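There are 2 protein chains.
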Amino acid sequence: MLAEILKKSFDKYFNAPVKAWEEFANFCKPVTFEKDEIIKQQDTTEKYFYFILTGSAGIFLWKENNFVCLDFAFENNFCCDYMSLLLRQSTPLQLVALEKSEMVKIASETFYKLGQTPVGQIIVQISAETSFIEKQQQQIELLTKTAEERYKILYDKFPGIDQRVAQKYIASYLGITPQSLSRIRSTSK
Amino acid sequence: MLAEILKKSFDKYFNAPVKAWEEFANFCKPVTFEKDEIIKQQDTTEKYFYFILTGSAGIFLWKENNFVCLDFAFENNFCCDYMSLLLRQSTPLQLVALEKSEMVKIASETFYKLGQTPVGQIIVQISAETSFIEKQQQQIELLTKTAEERYKILYDKFPGIDQRVAQKYIASYLGITPQSLSRIRSTSK
DNA sequence: GTGATTTTTTACCCTATGGTAATTTTCTTT
DNA sequence: AAAGAAAATTACCATAGGGTAAAAAATCAC
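If you're matching them up, the sequences are chains A and B in order.
Following the numbering used here, the numbering of the first sequence begins with 19 at its first residue and continues without gaps.
Following the numbering used here, the numbering of the second sequence begins with 19 at its first residue and continues without gaps.
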């Protein structure tokens, strides 16, 4: 069942064999989070790789009482402090549930071992590759689009995100203040 | 010899076994480029993965007579249109030699096959992972630093870059105009 | 449901950066 | 070395978005 959800969720990105997803699903443990619950605290090392069944999460970087959101994740997608997971080091990044969420998690050590198996390796490899591509896409948007255009792109990517995620988080993701986002939303609507 | 350079260049990032680098080096073919020579044209599919022995290169995105530089690469580092290589699709990205350069290249098909061998797979996996981490770092800089701070970070990362790479390229990487960079350079020096 | 807290909106002025254009400097080509 | 082309600088005004503050709206806690 979980394996099917996983496969279905990722077939648009890449075709890992069913067997790979079954192997993956075998290691998954269910876990729930409340809204605003901190899943991974800053300056710790990521211990899990999560898949969101329902709800959402955000990756945050804090600097002196301020934060930016580096990415959002919603149902049927992975999330974690991927940088920490890969470097096996603590990072200043925080993973936060933005809504009441149901997820499954696999332990980081299991994730690493999965990378050594022929089938699981495909998932591990492609999750790194797609993560890179999405980050590069974000970089392109930051370099070539206005805040208003970036807002529209985000909204197209996650329709209804403004109903689910606090605007201050969206604003920080866009690289602007909540006030600016509010202005953009009022003039473009 | 090449295997040693490769291993030495990347030991700071990750420890692939000598054998992996020897395997890698076996597939490398030397190639040279003139300054401003287009290595990969936009709207084509990346056919090679390059390692720079001397010189430098940049990845550019064009939009209506304008461009941004998404990344620079110098000697002892890889470069290519990695997104195109991974997706095996054409992209609007251009790879350009920024100086007269000596590189070695391995064919994309060989690179893919390398990912299926136990030793080469480590290099392929880790190149995706480090690429993601560096892109996320760039995103953080764009979201949290001023143009002037980003310039200093870039300069610290690549000392002397301003002597080797045209300022218009550096400015586009920073997300500002050449005029703004000129102003920043004159006031902060 | 009521009060308290947090978030969003609105408004004001300010600053970093953009756009255009002209000038100077540097690089190319012969 | 000279001429031409391209790049960098400077200057001017324009604008997107920031900072602060206060009001309004939404959410939370009891």
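Beta carbons are placed, not taken as given, at the ideal position from N, Cα and C, and that holds for glycine.
All values reported here derive from a predicted model rather than from experimental measurement.
Candidates the options: which alpha carbon is nearest residue i's?
i, options, result
"T128/A", "G138/A, M121/A, S119/A", "G138/A"
"Q181/B", "L20/B, Q134/B, F92/B", "F92/B"
"N33/B", "L24/A, M101/A, L105/A", "L105/A"
"E117/B", "G133/B, I179/B, K53/B", "K53/B"
"G193/A", "R168/B, G178/B, I171/B, E159/B", "E159/B"
"A38/B", "F150/B, P136/B, T164/B, C98/B", "P136/B"
"L88/B", "T205/B, R201/B, Y191/B, Q197/B", "Y191/B"
"K131/B", "F45/B, A115/B, G76/B", "F45/B"
"I56/A", "P48/A, K47/A, V36/A, I77/A", "I77/A"
"T205/A", "E166/A, Y187/A, I171/A, Y173/A", "E166/A"
"I202/B", "I124/B, E22/B, L24/B, R168/B", "R168/B"
"A43/A", "L20/A, Y187/A, P177/A", "L20/A"
"K25/B", "P177/B, N94/B, K47/B", "N94/B"
"D99/A", "I188/B, I151/B, T72/B", "I151/B"
"P196/B", "I171/B, P177/B, N84/B", "N84/B"
"P48/A", "T72/A, V36/A, P35/A", "T72/A"
Distance cutoff 9 Å, beta carbons only. Does residue i sit that close to anything in chain A?
i, result
"A146/B", "yes"
"K81/B", "yes"
"Q143/B", "yes"
"Y187/B", "no"
"G193/B", "yes"
"I124/B", "no"
"F176/B", "no"
"Q60/B", "no"
"F150/B", "yes"
Given a threshold of 16 other Cβ atoms within 10 Å of its Cβ, counted over all protein chains shown, does residue i qualify as buried or as exposed?
i, result
"T50/B", "exposed"
"F90/A", "buried"
"M121/A", "buried"
"E147/B", "buried"
"Y31/B", "exposed"
"V142/B", "buried"
"K175/B", "exposed"
"Q154/B", "buried"
"K58/A", "buried"
"D29/B", "exposed"
"V6/A", "Limits of chain A in this structure are 19 at one end and 207 at the other, which puts residue 6/A out of reach."
"K123/A", "buried"
"V86/B", "buried"
I'd like to know if residue i contacts chain B, where contact means its C-beta is closer than 9 Å to some C-beta of that chain.
i, result
"L105/A", "yes"
"Y100/A", "yes"
"S190/A", "yes"
"K153/A", "yes"
"L172/A", "no"
"T128/A", "no"
"F96/A", "no"
"V114/A", "no"
"Q157/A", "yes"
"S12/A", "Because residue 12/A is not part of the residues shown, which for chain A are 19 to 207, the question remains open."
"T164/A", "no"
"G138/A", "no"
"V86/A", "yes"
"L160/A", "yes"
Thinking residue i and residue j are a contact (beta carbons under 8 Å), I'd like their distance in whole angstroms, please.
i, j, result
"F69/A", "S145/A", "Not confirmed; about 11 Å, so no contact."
"S27/A", "V183/A", "So it is not a contact: roughly 20 Å between Cβ atoms."
"T162/A", "K81/B", "6 Å"
"S102/B", "T109/B", "4 Å"
"Q157/A", "Q156/B", "6 Å"
"Q107/A", "Q60/A", "Actually they do not touch by this definition, with Cβ atoms about 13 Å apart."
"Y66/A", "S126/A", "6 Å"
"Q185/A", "S200/A", "7 Å"
"V188/B", "I179/B", "Per the sequence shown, the amino acid found at residue 188/B is Ile instead of Val. Correct: roughly 7 Å between the Cβ atoms."
Complete beta strand (DSSP E) runs within the stretch 49-93 of chain B (minimum length 3 residues, chain order): 56-58, 66-72, 74-81, 84-92
Within the stretch 94-156 of chain A, ranges of the alpha helix (DSSP H) (whole runs, at least 4 residues): 100-105, 126-132
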